[in-house]
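Number 142 in numbering that gives the first Met the number 0 belongs to position 143 of the sequence shown; there are no gaps in the numbering. Where is the CB? At the ideal position from N, CA and C, for every residue including glycine. Below: one structure, written as structure tokens.
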Amino acid sequence: MRPCNMFIIKATKAVALTCLLGSLLSPGLANADARDQAKRIHERLTGVPPDAATLDTMATQVSSSPVTAAYTAMEDPAFYNVTIKNFVAPWTNEAMSSFVPLNDYTATVIGVVRDGLDFRRILYDDILYVGQASGLPAYSNTNNNHYAALERGNYDLSDPDILVDTTQSSRNGLPSSATAGIMTSRAAAQAFFSAGTNRAMFRFTLLNHLCNDLEQVNDVTRPPDRIRQDVSRSPGGDSRVFLNNCVGCHSGMDPMAQAFAYYDYQYDADADPDGELGRLIYNTVGTVDPETGTRVQGKYLINAGNFEHGYVTTDDQWDNYWRKGPNRRLGWADTAPRGSGSGAKSLGQELAQSEAFAECQVKKVFRNVCLRDPVDTADHNQIDSMVNSLSASNFNLKQTFAESAVYCMGD
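In structure tokens form, the structure reads like this:
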């Protein structure tokens, strides 16, 4: 045999051996057997490995219906008590920290996911989840003791007899028409209505639930007629800063943040600087704020002297200027309220019905389960597919968790 032929034969064998070893060592979907895939699905969804019986069941399901296997994994209480709780916690505070106590915001989202409810309801419905077990302190408008005890006692939030649904209006004194899901939860009020000018509630709702911060929606082409008095028209003596920067955020944000004009979070800033003992306040019909002479909270006149000719808020009528211009890309729905309304509830409907809301939930779940952002065409096609599936499932977020886990079960 010629030396060159012998070299070709050896090289071919080496390549074949390399390919064989690569296939054995690769963690990819094509080479992971059903038990490995089932185990990975369970661990991604719950953070813990399955017991032997569950693994056997899921391995069989993976071979025929991987999504069914994912739903089996989500029957583990850890999916709700750990995964969903940690998934939601950063949305409840400005620091976006996971290291915060269980609260009414987090518990309500856990309940909505567990019960397979339309996830859009978290931004507008008269909904609240509370604990129901002997020894728990009652739900309070002035502290978080109820939820702290629920967490401290390691109560199982996956149990519908432990974490039960009720209405906000029956617990926090708000009229049902003034409730807006998690936006009017006590935890959100403490984080985003305390002090300030209520713009924080709009900004963090946009960030957490439409996955866009103000920089991403900056649009200097919108009219500035609803920008409040506290925004200087010539920061540092230069009006170009206002026209080229400030307008981009405030022209869209201020007309929508007007929906929160009747809300405040009341607490003693000296004795209780973190507002742990504060409460959500809402000016009902007939209430006259001494600073504004209307139902509008006095905070809407903070720094009114910065530009006295600016917009003065007189009610909670909001308008969505982003339905025109580049922010049409957020996919505003052609259903009520169609870009204008009064109060937080209708604003929540406007935001929740957008395409950006659906896409945001899918991307957050994908990142949480797959432990990475989408990076290539296949990933982005999967995101699009899951957005459609979420809509088809009436916004049951468990479907998105299941599909994400299946997609990444070979990672």
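Environment of residue i [buried if 16+ CB atoms lie within 10 Å]
i      : result
Met408 : buried
Glu32  : A small fix is needed here, since residue 32 is Asp in this sequence, not Glu. Answer is exposed; the Cβ neighbour count stays below 16.
Lys323 : exposed
Leu350 : buried
Arg221 : buried
Val405 : buried
His249 : buried
Ala190 : buried
Phe394 : buried
Met57  : buried
Gly235 : exposed
Ala52  : exposed
Gly195 : exposed
Asn387 : exposed
His41  : buried
His379 : exposed
Pro159 : exposed
His145 : buried
Met385 : buried
Asn282 : buried
Ala268 : exposed
Gly347 : buried
Asp224 : exposed
Ala13  : Model confidence at Ala13 stands at a pLDDT of 43, short of 50, so the residue's coordinates are unreliable; what they give is reported in the following sentence. Per the 10 Å Cβ criterion, exposed.
Whether residue i touches residue j by CB criterion (9 Å)
i      : j      : result
Leu205 : Asn197 : no
Trp331 : Met255 : no
Asp263 : Gln215 : no
Ala343 : Ala270 : no
Asn143 : Asn92  : no
Asp217 : Leu156 : The residue asked about is misnamed: residue 217 is Asn in this sequence, not Asp. Not a contact, by the Cβ cut-off of 9 Å.
Glu402 : Gln381 : yes
Lys397 : Val112 : yes
Leu44  : Val246 : no
Ile126 : Asp164 : yes
Phe356 : Leu122 : yes
Tyr320 : Gly277 : no
Glu354 : Leu329 : yes
Gly115 : Leu162 : no
Ser169 : Thr107 : no
Ser411 : Gln167 : Any property of residue 411 remains undetermined from this structure, which presents the chain solely from 0 to 410.
Gly152 : Ala137 : no
Asn207 : Pro89  : yes
Residue i - partner residues in DSSP beta bridges
i      : result
Ser193 : Tyr264
Arg227 : Tyr310
Residue i at chain B interface by Cβ criterion, 9 Å
i     : result
Asp32 : In the displayed structure, chain B is absent; only one protein chain is listed.
Anticipated Cβ contact below 8 Å, residue i with residue j, distance rounded
i      : j      : result
Val47  : Ala77  : 5 Å
Phe118 : Gln360 : 6 Å
Gly130 : Leu149 : 4 Å
Tyr310 : Asp253 : 7 Å
Ile301 : Asp229 : 6 Å
Ala72  : Pro49  : 7 Å
Ala187 : Tyr104 : 5 Å
Arg34  : Leu54  : 6 Å
Thr313 : Thr293 : 6 Å
Gln352 : Thr376 : In fact, because the Cβ distance is near 28 Å, the residues do not count as touching under 8 Å.
Requested in this report: Identify every run of the alpha helix (DSSP H) within the segment 138-183, keeping only runs that are complete inside it and at least 4 residues long; order them along the chain.
Outcome: 144-151, all fully within the segment 138-183.
Requested in this report: Can you check the segment 254-342 for any alpha helix (DSSP H) of at least 4 residues that lies completely inside it and give the ranges in chain order?
Outcome: Assignment of alpha helix (DSSP H) within the segment 254-342, counting only whole runs of 4 or more residues, yields no such run.
Requested in this report: Return the chain-ordered ranges of every beta strand (DSSP E) run that is complete within the segment 104-138 and spans a minimum of 3 residues.
Outcome: Counting only runs of 3 or more, we get 127-130.
Requested in this report: Let me know the alpha helix (DSSP H) ranges lying completely inside the segment 36-97, each 4 residues or longer, listed in chain order.
Outcome: At a cut-off of 4 residues, the continuous stretches assigned as alpha helix (DSSP H) that sit fully inside the segment 36-97 are 51-63, 65-72 and 84-87.
Query raised in the report: What residue ranges within the segment 331-401 form continuous alpha helix (DSSP H) runs of no fewer than 4 residues, ordered along the chain?
Result: Complete alpha helix (DSSP H) runs here, min 4: 342-351, 354-369 and 376-391.
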